[in-house]
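Colleague: I'd like to ask some things about the structure below.
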Amino acid sequence: MFLFNLSFFIESVLIFVLAFFIDIVFGEIPDRAHPTVWMGKVIDFLKPRLKSPNPRVEKAKGVFLCVSVMALFGGASFLILWAFRQIPGWGWLIYIVVAALMLKTTFALKCMRYYTYPIEKALKSRDMASARKWMHFIVRRDPNELDERHITSAAVESIAESTTDGVTSPFFFFALFGVPGAYAFRVINTLDSMVGYKDPVNINIGWFSARMDTITNYVPTRITAVLMVAAAALAGADWRSSWRILKRDKNKTASPNAGYTISAMAGALNTQLEKEGHYTLGDAKRSAPTDITKAWRIMQLTTFLFGAAVVLPILALEALLLF
């Protein structure tokens, strides 16, 4: 029994570490093969077919939209891995590699560097046109209305918020429910980014997806924010300010989750992160393009800490209790 428990733990850790390695070295897989892209295509296919002039009916269909897409991708990932697990001989190794590749597609660490470093580089050379060109990859704000400080702020905010929904939340649900759990979370997050808005088109069809995104990110966000303070200390940033601003400004955003990591990052960098007309987090109004690299390094350290302090202990506990 103990050896079987150890086998589960070792396999899970290997999958997790290999997925992390794949992301750091290779980054994203091509869009045409990326599950998130296919999630988007399924959502685009279903959404117009589930719309209804009756708000109550459309809300019910919004529940169906979320649950059905979660079941489709979560179930498919489970069946694929189950099939590979049945291969005799070296099947266990193939299973680990395939599971790691699949897990990698649910989070994106290196990707944030890919999209934000060109913004920093453009700002350093005063090339505002290039900086604004890259903005649409990470935020929905109109880049033409943003000056240098607000472009830097938007990039840093995106890094801070993506630390949770882009990395640590998938890690969290992988630790609890394996690769299918990470896929289910990625479906919820993709739905929220596509239909989770309060505009007339989406307010009913997307209400359940938005609520699920808030719920599923609730615990990982709060753990991540605290670990971000620790990461700030390791990175040589101002961890005391990070902790102070986190405690003070965490509830200043409309989202009950986003303010946690954004405020922790603002304090760590001794800067002010602002989405005009919505929120202002942090004290100092100073900013520099190099804040983008500093933020990404803190993001890296935070995800490492989350893996060590959260993922591995959960897997160890499961190895003891579930088998």
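Numbering (the working numbering), first residue to last: 9 to 331. Built from N, CA and C at the ideal position, the CB exists for glycine as well.
Quick check: is any heavy atom of the ligand MG less than 8 Å from the C-beta of residue 256?
Modeller: Among the components of this structure there are no ligands whatsoever, and the ligand MG is therefore not found.
Colleague: Count the other CB atoms, across all protein chains shown, that sit within 10 Å of the CB of residue 33; report buried if there are 16 or more and exposed otherwise.
Modeller: The residue you call residue 33 lines up with position 25 of the sequence shown. Residue 33 comes out exposed.
Colleague: Pick helix, strand or coil for residue 279, following the three-state DSSP scheme.
Modeller: Indexing the sequence shown from 1 puts residue 279 at position 271. In this structure, residue 279 counts as coil in the three-state DSSP scheme.
Colleague: Mind listing, in chain order, the continuous alpha helix (DSSP H) runs of no fewer than 4 residues lying wholly within the region 41-66?
Modeller: The qualifying runs are 43-58.
Colleague: Would you give the residue range spanned by the beta strand (DSSP E) that residue 287 belongs to?
Modeller: To locate residue 287, count along the sequence shown from 1; it is residue 279. Note, residue 287: beta strand (DSSP E), 287-289.
Colleague: Quick check on the DSSP output: what are the complete beta strand (DSSP E) runs of length 3 or more inside the region 134-177, in order along the chain?
Modeller: Those beta strand (DSSP E) runs which fall completely within the region 134-177 and span 3+ residues do not exist here.
Colleague: Could you round the C-beta distance between residue 311 and residue 175 to whole angstroms and report it? I think they count as a contact, below 8 Å.
Modeller: Translated into positions along the sequence shown, residue 311 becomes position 303. Translated into positions along the sequence shown, residue 175 becomes position 167. Yes, they are in contact, since the Cβ atoms of residue 311 and residue 175 sit about 5 Å apart, within 8 Å.
Colleague: Write down every uninterrupted run of the alpha helix (DSSP H) in the region 204-268 whose length is 4 residues or greater and which is fully enclosed by it, in chain order.
Modeller: Segments of the alpha helix (DSSP H) lying fully in the region 204-268: 215-242, 247-257.
Colleague: Apart from the five residues just before and just after residue 10, which ones in its own chain have a Cβ nearer than 8 Å to its Cβ?
Modeller: Along the sequence shown, read from residue 1 onward, the residue named residue 10 stands at position 2. Any reading at residue 10 is ruled out, since the residue's pLDDT is 48, under 50, leaving its predicted position unreliable.
Colleague: Starting from residue 320, trace the alpha helix (DSSP H) in both directions and tell me its first and last residue.
Modeller: To locate residue 320, count along the sequence shown from 1; it is residue 312. First-last of the alpha helix (DSSP H) with residue 320: 320-329.
Colleague: Whose CA, out of 74, 328, 98, lies closest to the CA of residue 219?
Modeller: The sequence position of residue 219 within the sequence shown is 211, counting from 1. It is 74 whose Cα lies nearest to the Cα of residue 219.
Colleague: For residue 43, which residues from the same chain have a beta carbon less than 6 Å from its beta carbon, with the 5 sequence-adjacent residues on both sides left out?
Modeller: Taking the first residue of the sequence shown as 1, we reach residue 43 at position 35. For residue 43, where only same-chain residues beyond five positions count, the Cβ hits under 6 Å are 113.
Colleague: Under 8 Å by Cβ, that's how I've got residue 276 and residue 246 pegged, so tell me the actual separation to the nearest angstrom.
Modeller: By 1-based counting over the sequence shown, the position of residue 276 is 268. By 1-based counting over the sequence shown, the position of residue 246 is 238. Yes, they are in contact, since the Cβ atoms of residue 276 and residue 246 sit about 6 Å apart, within 8 Å.
Colleague: In whole angstroms, give me the CA-to-CA distance for residue 62 and residue 185.
Modeller: Along the sequence shown, read from residue 1 onward, the residue named residue 62 stands at position 54. Along the sequence shown, read from residue 1 onward, the residue named residue 185 stands at position 177. Each residue's alpha carbon lies about 36 Å from the other.
Colleague: Return helix, strand or coil for residue 294, following the three-state DSSP convention.
Modeller: As a first step, residue 294 is located in the sequence shown; it is residue number 286 there, counting from the start. Of the three classes helix, strand and coil, the one that applies to residue 294 here is coil, per DSSP.
Colleague: Contact check, residue 172 vs residue 232 under 8 Å by CB: the rounded distance?
Modeller: Your numbering for residue 172 matches position 164 in the sequence shown. Your numbering for residue 232 matches position 224 in the sequence shown. Rounded, the Cβ-Cβ distance is 5 Å, consistent with contact.
Colleague: Between which two residues does the alpha helix (DSSP H) carrying residue 94 extend?
Modeller: Here residue 94 corresponds to residue number 86 of the sequence shown, with the count starting at 1. Per DSSP, residue 94 belongs to no alpha helix (DSSP H) and is neither H nor E.
Colleague: Report the rounded CA-to-CA distance for residue 17 versus residue 71, giving the unit in angstroms.
Modeller: Position 9 of the sequence shown, counted from the start, is the residue given in the question as residue 17. Position 63 of the sequence shown, counted from the start, is the residue given in the question as residue 71. The straight-line gap from Cα to Cα measures roughly 35 Å.
Colleague: Once you ignore the five residues that flank residue 159 on each side, which residues in its own chain have a CB closer than 6 Å to its CB?
Modeller: Translated into positions along the sequence shown, residue 159 becomes position 151. Result list for residue 159: 139, in chain order.
Colleague: Could you pull the start and end residues of the alpha helix (DSSP H) that residue 128 belongs to?
Modeller: Position 120 of the sequence shown, counted from the start, is the residue given in the question as residue 128. Residues 118-132.
Colleague: With a threshold of 7 Å on Cβ separation, who are the neighbours of residue 37 within its own chain once the five nearest residues in sequence on each side are excluded?
Modeller: Translated into the one-based positions of the sequence shown, residue 37 becomes position 29. Answer for residue 37: 113, listed in chain order.
Colleague: Three or more beta-carbon pairs under 8 Å between the region 281-292 and the region 258-271, yes or no?
Modeller: The region 281-292, when compared against the region 258-271, does touch it at the 8 Å Cβ threshold.
Colleague: Just to confirm before moving on: does the CB-CB distance between residue 58 and residue 69 stay below 9 Å?
Modeller: Your numbering for residue 58 matches position 50 in the sequence shown. Your numbering for residue 69 matches position 61 in the sequence shown. Yes, the pair counts as a contact, with Cβ atoms nearer than the cut-off.
Colleague: I need the boundaries of the alpha helix (DSSP H) containing residue 39, first residue and last residue.
Modeller: Walking along the sequence shown from the start, residue 39 turns up at place 31. Counting along the chain, residue 39 falls outside any alpha helix (DSSP H), and DSSP gives it neither H nor E.
Colleague: Thinking C-beta only, is residue 199 closer than 9 Å to residue 313?
Modeller: Within the sequence shown, residue 313 is the residue found at index 305, counting from 1. Within the sequence shown, residue 199 is the residue found at index 191, counting from 1. No, the pair does not count as a contact, with Cβ atoms beyond the cut-off.
Colleague: Need the endpoints of the alpha helix (DSSP H) that residue 115 sits in, please.
Modeller: Residue 115 sits at position 107 when you count from the first residue of the sequence shown. Unbroken run through residue 115: none, as it is neither H nor E.
Colleague: Contact defined as beta carbons within less than 8 Å: I believe residue 188 pairs with residue 115. What is the distance between those atoms, to the nearest angstrom?
Modeller: Here residue 188 corresponds to residue number 180 of the sequence shown, with the count starting at 1. Here residue 115 corresponds to residue number 107 of the sequence shown, with the count starting at 1. Wrong, their Cβ atoms sit about 15 Å apart, outside the cutoff.
Colleague: Which one of 15, 27, 22, 330 has the shortest CA to CA distance from residue 178?
Modeller: Locating residue 178 in the sequence shown gives position 170, counting from the first residue. Among 15, 27, 22, 330, the Cα nearest to that of residue 178 is on 27.
Colleague: Just to confirm before moving on: does the CB-CB distance between residue 307 and residue 195 stay below 9 Å?
Modeller: Against the sequence shown, residue 307 aligns to sequence position 299. Against the sequence shown, residue 195 aligns to sequence position 187. No, the Cβ-Cβ distance between residue 307 and residue 195 is not below 9 Å.
Colleague: Could you tell me the alpha carbon to alpha carbon distance between residue 31 and residue 169, rounded to whole angstroms?
Modeller: In the sequence shown, counting from the first residue as 1, residue 31 sits at position 23. In the sequence shown, counting from the first residue as 1, residue 169 sits at position 161. Taking the straight line joining both Cα atoms gives about 19 Å.
Colleague: Using a Cβ-Cβ cutoff of less than 6 Å, which residues in the same chain neighbour residue 217 once the five nearest sequence positions on both sides are dropped?
Modeller: In the sequence shown, the residue the question calls residue 217 occupies position 209. Closer than 6 Å at the Cβ level, and outside the excluded window around residue 217, lie 74, 199, 200, 203, 204.
Colleague: Could you give the C-beta distance for residue 323 and residue 20, rounded to a whole number, given that I count them as a contact under 8 Å?
Modeller: Residue numbering aside, residue 323 sits at position 315 when the sequence shown is read from its first letter. Residue numbering aside, residue 20 sits at position 12 when the sequence shown is read from its first letter. Their Cβ separation, rounded to whole angstroms, is 5 Å, which keeps residue 323 and residue 20 in contact under 8 Å.
Colleague: Just to confirm my understanding: we take residue 54, look at its own chain, exclude 5 residues before and 5 after, and list those with CB closer than 6 Å. What are they?
Modeller: On the sequence shown, position 46 is the one that residue 54 refers to. Closer than 6 Å at Cβ, skipping near neighbours: 73.
Colleague: With a CB to CB cut of under 8 Å and the five nearest residues on each side skipped, what residues in its chain are close to residue 144?
Modeller: For the purposes of this step, residue 144 is taken as the residue at position 136 of the sequence shown. Counting only Cβ-Cβ distances below 8 Å, and skipping sequence neighbours, we find 151.
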